[in-house]
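Below you'll find the structure, written out as structure tokens, and then a few comments.
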Amino acid sequence: MDLKNKTVLITGGTGSFGKKFIEKILEEQVKKIIILSRDELKQYEMAQEFRDERVRFFIGDVRDRNRLYRAFDGVDVVVHAAALKHVPACEYNPFEAVQTNIIGAQNIIDAAIDKGVQRIIALSTDKAANPINLYGATKLCSDKLFVAANSYVGDKDTRFSVVRYGNVVGSRGSVIPFFKKQRETGVIPITDERMTRFWITLNQGVQFVLDNLQRMHGGEIFIPKIPSMKIVDLAEAIAPECEKKFTGIRPGEKLHEVMITQDDARNTFEYNDYYAIEPDHFWWKKEESEGERVPDNFHYSSDVNNKWIEKEELLNIID
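Numbering (the numbering used here), first residue to last: 72 to 390.
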């Protein structure tokens, strides 16, 4: 979808992704950008950074269904980035994660359909595939809700899709700022020397969302082809002079992350720079599949990836 003369709303828009996304689409001829979040201080600080009359701020919470109905009035495109994402916090406050990540997702779906929003993309996570922690489980449920939402739009031009990717280099939730801070102590704690993760830059994540707004039919889960890196190599790149202390895997943590499971392979198609898990619903038109079907035993995991980040490349990205 072309964003020219469109009104775009982003939930959780004061985060790392939201800032980069707004910076990017301000270059296009959008009509209006609405940042919906519940943090008034971050909104105030962001308003000082983006002095553009097209940027509007709307205090609200995705848990508040009535507030979403007000916010979505006249909106053409929604990017849903709001979530409780901190794994230990979600484990300790499980129903808070459920209310934001699941009930909040359904509130967005209902408001978008009833208000005639045209395109909705929800941001997901690699932790939603074969989840072992509550955060991943709530995001898997959210993904299922957004895919199934296409069943309820009737004859409206409202379409829902999902973008799923791994750790974002340099974002506030990334381990990279933590390692930089720990560098001052001379010791870098690492849970397990075998651990690997997918990595994507903020620019790549934002561009991937914009690309999928153009190509989505509604119901797909889009996964970019992105590189992996061992956490121990990441620590070595950031703090080569530091001692490494192995502390053991934390509750809810995996050795390796998966973005496409073997069970999803039968509905997954490969394209040049991404994969798409297509919906297994009666309304999906199979002729819309233009990619190449992956093998039945395929799975996309950070430990068996064919793309890896070298230390020097990572340092260039961080700089």
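Don't be surprised by glycine CBs; every beta carbon is placed ideally from N, CA and C.
Unbroken beta strand (DSSP E) runs of no fewer than 3 residues, entirely contained in the segment 272 to 334, are found at 292 to 295, 299 to 301, 314 to 317, 329 to 331, following chain order. According to DSSP, residue pairing for HIS151 in a beta bridge involves THR82, ALA193.
Cβ contact annotation for ARG127 (same chain, cutoff 8 Å, sequence separation greater than five): LYS103, ILE104, ILE105, ILE106, in chain order. In the three-state reduction of the DSSP assignment, PRO350 falls in the coil class, being assigned neither a helical nor a strand state.
The beta-carbon distance between THR332 and ASN201, rounded to whole angstroms, is 5 Å. This is short enough to meet the 8 Å contact definition.
Counted as a single uninterrupted DSSP element, the stretch harbouring LYS103 is not any alpha helix (DSSP H) but the beta strand (DSSP E) occupying residues 103 to 108. Annotated as proximal: VAL329 and HIS370, with beta-carbon spacing under 8 Å. For the beta strand (DSSP E) assignment, the segment 354 to 378 encloses no uninterrupted run of at least 3 residues. CA-CA distance, THR85 to PHE279, rounds to 19 Å.
Taking one beta carbon from each stretch, the segment 258 to 268 and the segment 218 to 232 have fewer than 3 pairs nearer than 8 Å; the two do not touch. Contact between ALA182 and PHE143 holds, with the beta-carbon distance rounding to 5 Å and staying under 8 Å. Proximity to LYS198 across GLU312, ARG190, ILE309, LEU211 peaks at LEU211, based on C-alpha coordinates. For PHE129, the beta-bridge partners assigned by DSSP are LEU107. Per the C-alpha coordinates, the member of ASN343, VAL239, ALA118 positioned closest to MET300 is VAL239.
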